[in-house]
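Start counting at 1 in the sequence shown, then tack on 2, and there's your number in the working numbering.
Glycine included, C-beta positions come from ideal geometry on N, C-alpha and C.
Predicted, not measured: the structure shown is a model, and the values here were computed from it.
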Amino acid sequence: MKKLFITLINILLLGSIVHAQTQFSPRNGVQDERPNLYAFTNATIVVDANTTLEGATLLIRGSVIEAVGKGISIPTGTTITDLKGKRIYPSLVEAYSNYGLPENKSEGGRGFRADPQFESKKKGAYNWNQAILPEVDAASLFTINPTAADEFRKAGFGAAISHVQDGIVRGTSTLLALGDGRDQDALLKSKVSAHYSFSKGTSTQDYPNSMMGSVALIRQTYYDADWFKKSKNKVEFNISLDAFNANQGIPQVFEVGDKLGILRANKIAKEFGVQYIIKGMGDEYQRLDEVKATGATLILPLNFPTTPDVEDPYDASVVSLAEMKHWEMAPANASLLSKAGVNFAFTSANLKSKADFMANLRKAIEYGLDEKIALAAITSTPAQLMKVDNLVGSLKVGMLANFLITSDNLFKDGNVIFENWVKGKRYVISNMNVVDVRANYDLTVGSKTGLKLNVNGKVEKPDFQIVVTDSIKVSPKVTRVGENFTLSFKLDSKKDKGDTRISTYFDGKNFKGDGLDANGQAIVFTATFKEAMKETPAKVDTAKKVIPEIGKLSYPFTSYGTEEKPKVETILVKNATVWTNEKDGIIANTDVLLQNGKIAKVGKNLSESGAKVIDGTGKHLTNGIFDEHSHIALLSVNEGTQSVTSEVRMEDVVNSEDVNIYRQLAGGVTSSQLLHGSANSIGGQSAIIKLKWGEAPDALKIPNADGFIKFALGENVKQANWGDRARIRFPQTRMGVEQIMMDAFLRAKEYEKATKAAAANPALAPVKRDLELDALVEILNKKRFITCHSYVQSEINMLLKVADSLGFKVNTFTHILEGYKVADKMKEHGANASTFSDWWAYKMEVKEAIPFNAALMTKVGVNTSINSDDAEMARRLNQEAAKTVMYGGMTEEQAWKMVTLNPAKMLHLDNRLGSIKVGKDADVVLWNNNPLSVYAKPEKVIIDGATYFDLEKDKELRLKIAAERNRITQKMLNAKAGGAATVKPEVRRPRLFVCNSEGDLTEETGAYKETGVSQSEGHDHD
3 MKKLFITLIN
13 ILLLGSIVHA
23 QTQFSPRNGV
33 QDERPNLYAF
43 TNATIVVDAN
53 TTLEGATLLI
63 RGSVIEAVGK
73 GISIPTGTTI
83 TDLKGKRIYP
93 SLVEAYSNYG
103 LPENKSEGGR
113 GFRADPQFES
123 KKKGAYNWNQ
133 AILPEVDAAS
143 LFTINPTAAD
153 EFRKAGFGAA
163 ISHVQDGIVR
173 GTSTLLALGD
183 GRDQDALLKS
193 KVSAHYSFSK
203 GTSTQDYPNS
213 MMGSVALIRQ
223 TYYDADWFKK
233 SKNKVEFNIS
243 LDAFNANQGI
253 PQVFEVGDKL
263 GILRANKIAK
273 EFGVQYIIKG
283 MGDEYQRLDE
293 VKATGATLIL
303 PLNFPTTPDV
313 EDPYDASVVS
323 LAEMKHWEMA
333 PANASLLSKA
343 GVNFAFTSAN
353 LKSKADFMAN
363 LRKAIEYGLD
373 EKIALAAITS
383 TPAQLMKVDN
393 LVGSLKVGML
403 ANFLITSDNL
413 FKDGNVIFEN
423 WVKGKRYVIS
433 NMNVVDVRAN
443 YDLTVGSKTG
453 LKLNVNGKVE
463 KPDFQIVVTD
473 SIKVSPKVTR
483 VGENFTLSFK
493 LDSKKDKGDT
503 RISTYFDGKN
513 FKGDGLDANG
523 QAIVFTATFK
533 EAMKETPAKV
543 DTAKKVIPEI
553 GKLSYPFTSY
563 GTEEKPKVET
573 ILVKNATVWT
583 NEKDGIIANT
593 DVLLQNGKIA
603 KVGKNLSESG
613 AKVIDGTGKH
623 LTNGIFDEHS
633 HIALLSVNEG
643 TQSVTSEVRM
653 EDVVNSEDVN
663 IYRQLAGGVT
673 SSQLLHGSAN
683 SIGGQSAIIK
693 LKWGEAPDAL
703 KIPNADGFIK
713 FALGENVKQA
723 NWGDRARIRF
733 PQTRMGVEQI
743 MMDAFLRAKE
753 YEKATKAAAA
763 NPALAPVKRD
773 LELDALVEIL
783 NKKRFITCHS
793 YVQSEINMLL
803 KVADSLGFKV
813 NTFTHILEGY
823 KVADKMKEHG
833 ANASTFSDWW
843 AYKMEVKEAI
853 PFNAALMTKV
863 GVNTSINSDD
873 AEMARRLNQE
883 AAKTVMYGGM
893 TEEQAWKMVT
903 LNPAKMLHLD
913 NRLGSIKVGK
923 DADVVLWNNN
933 PLSVYAKPEK
943 VIIDGATYFD
953 LEKDKELRLK
963 IAAERNRITQ
973 KMLNAKAGGA
983 ATVKPEVRRP
993 RLFVCNSEGD
1003 LTEETGAYKE
1013 TGVSQSEGHD
1023 HD
């Protein structure tokens, strides 16, 4: 026993010695190491979201929790605070901040088409791209920001994860205590988590200038780092790649700009076998099933939209339905995610003021979020995610003494945070021991007697009221400092020219003071205690809390979305005129059975039990239109920075919320090839989709379709019309375009040869995977196929010769407005042609274009289609096809094939699409007239056996949209009347992309991020 006692003494002494020796700087003065023992007794202690102790004690020594529970022995010399009636919570943990770090500074002046910058300006052995910054270590840049720390503490936070929010790969974060003092004391742990985003931030380097470029850059960085790690004989040392690899062992956090960004980031995660923690933007509920399927834990902001001021009908008209619905539903985001089983933490990021954090969190709880989950999301969950739950996030022995003392339940309206202790240091937020001055007093103000002063309200924030008469009551302005009060009021609002101003002191029972009356004369102020305030016992609210009513989700979350996604049905179309695009041609009075997403039968007098029967009498049934050249449903079109960008993929920027999908369904379009633009000689990889309105991006893609890629010739790629600043990027001439292509394919051949050699001989150095060259190797191996933007005969001939000399084929020349001049050569090469019906003379390159082009190429034997390259024109592609009957004498069947079967052949999908044939996909359109007529309208558009557009239901949708807008408008007006802050709506016009469009539809830092809805929605009243 004696040995045990001596051992305990030694441990305590050792602890004191170690503590005394932890100061590294020289001591100036004498040692003053106090024990700093504090005990908080009789409190309700919330240890974590699942553990609450009543009448318990919290004992802290220095910066650490020494004991928590009941029956704790309190050491001699401990400062004891009785917290009977009060609560202790863990201080909140901020999961996503840039606290204490330098402000990101851009060089500025890099507007549209600024001087090109191809290489990084960062000096040293770093990554080639200025936006790849894994070497940035937040811990090395941190300094305490007293003002920001104070704002965090007042909101209840005791610790924060902080990182530099700049660039695509952003480096590592640090865990910080939100106290004052020395930086060394605040810094708890370095290299806590690694961070990523799709935004290049302050980088002035050209690449990337699109979302898809950001995705490609991240992917290439992963492959570069893997090669760097495995390479034994490094020809160079790269600080960035070395840091990137070192960072892979810590939590990986990815910031996105919206719900679709979560799905985009998750694709990268799956490719490289990582699991991101994803910092979202508060609109995740809009794609709930898909977000849940990622398995990612989220970091959610609580930046609910400000109420739009819709009092003026015109202002109301510019607020889209999606914005209205998001305003109403955003507070329910966390509740809906929680009920779906999605794990998340909260962040105060994106709030204009940290003071709004708790109010918005209470609102989320009001909208159905469980309090325990809410508490975990601001304490233990962020700590666990970042693997710092041994330090912060709960109140357990050995953890940091970061805790709050509150008056009540943390989430109760009116709760007061009295103190926030950070690392055992006390920070007073509100005076916990404030004197209660609430009572009724007899009041004398100068010569005026018989007045009354009634003080009610809360102890911490009492309400003062002066009763002059039964009908005249005055509420003075009151300022309190301790027991000193300053009051300002008018006793007679009609006669008093100025305010009576009083300075008074509360002596424990009465108020005594003096001041100046409304005329500036000195007066005495006395309030004598009469009776205690009669407190009405708070009624226990036994009624079940009613969650505010909100609208229903729609897919997509925009106008014309539906509450349920279309389902595959068995459909029998009876007695229609069927345009088969097969040898049977156009056959009248014919039935077509659609079953299990396929065309099951074509014939007369068909029947099928349980089928939905549609009367096609007097109507025309065709397969769906296939737009070979489209730029709808994309967040960006051009990665226009480099001459070769074959690494970028349009599938990475598919925008499933684009209302142009619905509009084009209404024009009979069922499939589209979403092409890269024409800013590069060799552009990005295509996405081929079906217009399944309501589905998420990946569900739009046609499965197992061949890969395609965009090439371009002419003015755009050589930047001829960009001005004198654009004289750096090669090529600058049409001749240079040829050399770029030759060089790219020669590099690809060498790359493939080296890769095969390394795979066959392990002794050889591994070849770094190159996403740019991978796509070109696929072309050489007939696994990816070219669609080339083209106009002029000479350039078309050039590319045919390049292709022949290097052993690849040009699958399709698109635009091809001088195709009639080289149709024989195209046929010999095996190229297809996708052109406009009657565009000419809109720029110098097309001065020799003619409207007979499509017909002439067809007659030579070139498979020819008519495309849109335009969101509006795609709604009328049936009419564009009809023009070939006038210009060139095409038959109606030939004309119709130009927007159906022929583009399907071009894209190697004619075995599934393009005609009405048993076994092909059930992609059909029922028209009210001959589909080539200007009077033709699609009545039903069916894709894979599910109806995605119905003319009658469209009319119903318009009525529903109007009713829903009116319902939410009234709700907004009520919110304004109830005192809610409002903002004047701004007109935001959607951007429609074409071949030479640059930039993203929605920048990560743009309006999309603020509103949480797609800018591509367009107007509700189309």
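- I134 and I704 have their C-alpha atoms roughly 33 Å apart.
- For the options H678, N932, N976, M892, the alpha carbon positioned closest to that of A578 is the one of N932.
- Looking from the CA of G863, the closest CA among V936, F838, E830 belongs to E830.
- According to DSSP, residue pairing for H817 in a beta bridge involves S792, T837.
- N52 counts as exposed, since fewer than 16 other beta carbons sit within 10 angstroms of its beta carbon.
- In the three-state DSSP reduction, Y198 falls in the strand class (E or B).
- By the Cβ rule, the segment 652-663 counts as touching the segment 254-272, because three or more pairs are nearer than 8 Å.
- Between V739 and L775, the beta carbon gap of about 19 Å keeps them out of contact (Cβ cut-off 8 Å).
- The beta carbon of D117 sits closer than 6 Å to those of R727, all from its chain and outside the five residues before and after it, given in chain order.
- Take G158, set aside five residues on each side of it, and the residues of its chain with a beta-carbon closer than 7 Å to its own are S93, L94, M360, L406, I419, N422, in chain order.
- Taking C-beta atoms under 8 Å as the contact rule, K460 and G416 qualify, at a distance of about 7 Å.
- For L453, the uninterrupted beta strand (DSSP E) run begins and ends at 450-459, by DSSP.
- Under the three-state reduction of DSSP output, W130 falls in the coil class, being neither helix nor strand.
- Where T54 is concerned, the enclosing beta strand (DSSP E) starts and stops at 53-63.
- Beta bridge pairing from DSSP links D593 with G605.
- Bounds of the beta strand (DSSP E) holding L39 are 39-50.
- Straight-line measurement puts the Cα of V424 at about 33 Å from the Cα of N458.
- Just measuring C-alpha positions, the residue of S792, K475, W929 sitting nearest Y937 is W929.
- Under the three-state reduction of DSSP, A162 is assigned to strand.
- In the three-state scheme derived from DSSP, where H, G and I count as helix and E and B as strand, D776 is classed as helix.
- DSSP places N240 outside both helix and strand once states are collapsed to three, so it counts as coil.
- L903 is the residue among G642, G215, L903, V390 whose C-alpha sits nearest the C-alpha of D629.
- Beyond the five residues adjoining it in sequence on each side, Q896 comes within less than 7 Å, by CB distance, of T860 in the same chain, given in chain order.
- Per the C-alpha coordinates, the member of K492, S495, I918, I504 positioned closest to R482 is I504.
- If you compare the alpha carbons of V48, K261, T309 with that of K973, the shortest gap goes to T309.
- Straight through space, the alpha carbons of M283 and V258 are spaced by roughly 7 Å.
- Between A924 and L596 the beta-carbon gap is near 4 Å, inside 8 Å, which marks them as a contact.
- Annotated as proximal: S195 and V255, with beta-carbon spacing under 9 Å.
- In this structure P253 is buried. Its beta-carbon is surrounded by 16 or more other beta-carbon atoms within 10 angstroms.
- A97 and T176 have their C-alpha atoms spaced approximately 11 Å apart.
- Within 10 angstroms of the beta-carbon of S473 lie fewer than 16 other beta-carbons, which makes it exposed.
- The residue among N625, S216, A590 with its C-alpha nearest the C-alpha of G618 is A590.
- In the three-state scheme derived from DSSP, where H, G and I count as helix and E and B as strand, Y278 is classed as strand.
- In this chain, the beta strand (DSSP E) harbouring T672 covers 671-676.
- Across the structure, F732 and T223 are spaced so that their CA atoms are roughly 24 Å apart.
- When beta bridges are read from the DSSP output, R651 appears opposite Q687.
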